Each structure stands twice: as C-alpha cells, then as structure tokens.
Amino acid sequence: MRYAVILAGGAGKRLWPLSRLNRPKQLLPLIEGKTLLTIAVERLKGLFPPENILVITNAEYARQVADALPELPPQNIVGEPEGRDTAAAIALGAQLLAARDAEAVMAVFTADHVIRPQREFARCVERAIEAATEHADALVTLGIRPTWPHTGLGYIHCQEEYGAGLQEVSGFKEKPSHQDARKYVESGKYYWNSGMFVWKIQTILQSLKQFLPETIAALDPIRQAAADGQDVAPLLAKIYPSLQKISIDYAVMEKAPRVLMVELTAEWLDIGSWPALSDVVENDESGNVIVAKNAAVIDSGRNIIVSENGHLLAVVGMDDCIIVHSGDATLVCNKSDSQRLKELVALLEEKYGKKYT
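Here my numbering runs 91 ahead of the position in the sequence shown, where the first position is 1.
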C-alpha cells in the first residue's frame, strides 16, 4: 500500500495582502482559477487514491481546506494546533498512517509549487516509490537539477550513481552564499532540495526515534487514538505545542546514515513570491501578469497585477511593479522589493496587531 501526505501549513507572507494567517497562499486561486492546494492534489491523480491522501494543515483553516478538497475523506484533513515545522508534521503523518498500515510506503509532498508536466512528475514519483521499496533502509528524496545559483534553497550533494535516476546522497547544504551556490551549480553534483520525500513508514519512524525521540514518543498516543478510530484533535491540542520546532532536513535528513535521491526531471516552480507568477501565468504582450476580472493597463510593462472580487485596477505608466488589491488592503511595490514583504508584515503586526496579517 502507498500513501501521500501533503504539507500545507505555511502562511506565505511574501504573498501578502492576499495570503493571511487565516487564508494561506495554498488557498489562493491564482493559477487559472485554481489554488495551489487543488493543483497539488490533482498532480497525485493516478498515483494515490483519494482515500490514501492526507493533508496536514493549520487547524485555523482546516475547514477551508476540507471545503476546497471535497474528493478527500474529511478525516484525511489534519489540523495542526500550531506550526512546529516539517519534522513534527511528518512525524504526525507517519504516526497516523502507521495506525492504518505500518508496512506501507509514505510519500511527502508540498503544496506551494507548480510542477509540470504531470506525466514526468508521476514517472519520477514512481521511481522514488520503487527505490524506497527496494532499499527499505534508505530515506529517498527528490532533487531538482539547478538552473541558476539560487541562494534561498537548500542543496543536495550527490556522489555515487545507481543508474535510472537514482543517486547516493553524501550531504545537504542549506541556503548557501552566492559564491558557493555558483560552485554547486557548476560542479554538476548538487541538486535543489525539493522538500519531497518517499520512504517506508517503518524506516522514517525508526529514524525519528533515533534523531527526534521526544517528538515521536509524544505522538505515540495519536497513533493509538487513530487506530481506535477516535478523534485525534483533542489530543493534538494538548501534545502538539510542546513538540520541538525543527525542519525534517535538520532533524533527520542531514543525520540519516543512508539517503538516496531521485532526480525530478520536470519543471519545478516555487510560488513563494509575487514575481514567481510570471513563470506560471500567461503574460500579456507587455509582459504583465494580470490575475483580475477587471483591469485596465496603459503604457505599463512587466507588472504583477492582482485583484479580488471584481475590484478594478487601473495602471498607467508603471513598469516592474507589484500591484495587489484584497478586500481590506492594497500593496504597491517594486518587484525588486518583493522579498521585503515579510518585513512589511512584521511592521503591520506591530502597528495594527493581527488586523491586516
């Protein structure tokens, strides 16, 4: 048996003002009217039956997620009482799935990327499942061959090749300097860390017991409650806030004795900021990305223009800008300043509390 877990708990501050604490970027209908979360589930069609797909998200918007994914059983939408990073979320998913089938294969996916074509993605995932089954002692990750020296991503260092797109991982490098990133790209031995994994449930549980014992022990009652058919939400509310906040890369992947990598030979686009829409939404003749029912643009180019609820956006004589209107806030900034939105959200929280965040 095989199961998929989609991690969908991020807030997406760099997509403010549409993305908020109670409405994350995964639920924004930005790609041809679809949300990133819907696209993430559609991408798994043919790989996993709907009843074998779990979504781990924030409890505050678990209802919105369930409403957006009616094809999934309600019990497959799991709400975290608070964010404790990816290690806790994956440990929770592993315990819940172990209650169903402890011998199964577990695949972990993200909900904030566009990956195409789907057929090539499916081929690579099947290869990873095959590798996790054949090499049951290994943790398998999916890596992307870098196209430029990105300093905001982690890198996977590979050495030995097994053939058929499978390689032995010798180490992980987190968010390098530009100089180091350039060396990684030029070497041909480093891949972008996609944050997607495949492993036997028993293998990840054993790794968590070894490297994150307090977390996995704390979640043991969740596994028992799930096996007994109980609602795990009350237990989660008590247990989850005390779990260590750490990523699965730092907690497990960098320490695991055996990690294999399957190269994801598909286009992998991180929709983590407004400029990223240029890669996934059709541009007009002036290079503008327009996601709005009503927009008028004159002598303006290479802008990101987004509006909700039919609000008209009229843009004249502006280039390389981000203009986003939500129900209660409007953002105007240069594309070059898009990475400062986290700074802006922090300022808004300091000035207005949670009202606009």
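For glycine and all other residues, C-beta sits at the position ideal for the given N, C-alpha and C.
It should be emphasised that the depicted structure is a prediction, and the values quoted were computed from it without experimental measurement.
Fill in: beta strand (DSSP E) runs contained entirely in the segment 353-383, provided each spans 3 or more residues
358-361 and 380-382
*For A309 versus I206, is the C-beta distance shorter than 8 Å?*
no
> Which same chain residues, not among the five before or five after S333, have their C-beta less than 8 Å away from its C-beta?
Replying inline: A309
Quiz item: Can Y341 and R175 be called in contact, C-beta distance under 8 Å?
Solution: no
Discussion item. Cutting at 7 Å between CB atoms, please list the residues of its own chain near A150, excluding the five before and the five after it.
Written reply: Excluding residues within five positions, the ones whose Cβ falls inside 7 Å are G170, E171 and P172.
Which same chain residues, not among the five before or five after G256, have their C-beta less than 8 Å away from its C-beta?
C215, R218, V353, E354 and T356
**OP:** Rounded to whole angstroms, what's the CA-CA distance from N374 to R393? Just pull it up for me.
**Re:** 8 Å
request  = Would you tell me roughly how many angstroms separate the C-alpha atoms of H439 and W365, rounded to the nearest one?
outcome  = According to the sequence displayed, residue 439 carries Leu and not His. Using only the alpha carbons, I get a separation of about 19 Å.
So, with DSSP's three-state summary, where would you put G234?
strand
Discussion item. DSSP three-state label for N284, please.
Written reply: strand
Rounded straight-line distance, which links the Cα of T242 to that of S268: 6 Å
C-beta atoms of A347 and L230 nearer than 8 Å | Yes, the pair counts as a contact, with Cβ atoms nearer than the cut-off.
Please classify G418 as buried or exposed, where buried requires at least 16 other C-beta atoms within 10 Å of its C-beta. By the neighbour-count rule (16 or more Cβ atoms within 10 Å), G418 is not buried but exposed.
Item to complete: Assign T294 to buried or exposed, taking buried as 16 or more other Cβ atoms, counted over all protein chains shown, within 10 Å of its Cβ.
Response: By the neighbour-count rule (16 or more Cβ atoms within 10 Å), T294 is buried.
- Own chain partners of R314 with C-beta closer than 6 Å, once the 5 adjacent residues on each side are dropped: Q186, A189 and A190
Using 8 Å as the cut-off, can you tell me whether the segment 139-149 makes contact with the segment 290-305, which would need three or more C-beta pairs spanning the two stretches below that distance? no
If we ignore side chains and look at the alpha-carbon of each, how far apart do G320 and Q166 end up? 10 Å
Which residue comes first and which comes last in the alpha helix (DSSP H) that contains K274? Counting along the chain, the alpha helix (DSSP H) containing K274 begins and ends at H269 to S278.
Would you kindly report the start and end of the unbroken alpha helix (DSSP H) that includes S417?
Unbroken run through S417: none, as it is neither H nor E.
Item checked: Cβ-based neighbour list, T126, same chain, cut-off 7 Å, excluding 5 preceding and 5 following -> Q117, L118, L119, P120 and A159
7 Å CB neighbourhood of S391 in its chain, flanking five on each side removed
Apart from sequence neighbours up to five positions away, the residues of its chain that approach S391 with a beta-carbon distance below 7 Å are S377, N379, V406, V407, G408, M409 and D410, ordered along the chain.
Please list the segments of the beta strand (DSSP E) lying wholly inside the segment 144-229, counting only runs of 3 or more residues, in order along the chain. Counting whole runs of 3 or more residues, the segment 144-229 contains the beta strand (DSSP E) stretches 144-149, 168-171, 196-201 and 204-207.
Residue from G103, L163, L109 and I413 whose Cα sits closest to the Cα of S429:
I413
Do you know whose CA, among E123, D361 and G100, lies nearest I235's CA? D361
Query - For F263, the three-state DSSP class (helix, strand or coil) - result: strand
task: Under the assumption that W107 contacts L368 (Cβ atoms under 8 Å), give the Cβ distance between them as a whole number of angstroms.
output: About 14 Å; that fails the 8 Å criterion.
CB V371 to CB V382, shorter than 8 Å? V371 is not a Cβ neighbour of V382, given a cutoff of 8 Å.
By DSSP, does I247 sit in helix, in strand, or in coil?
-> strand
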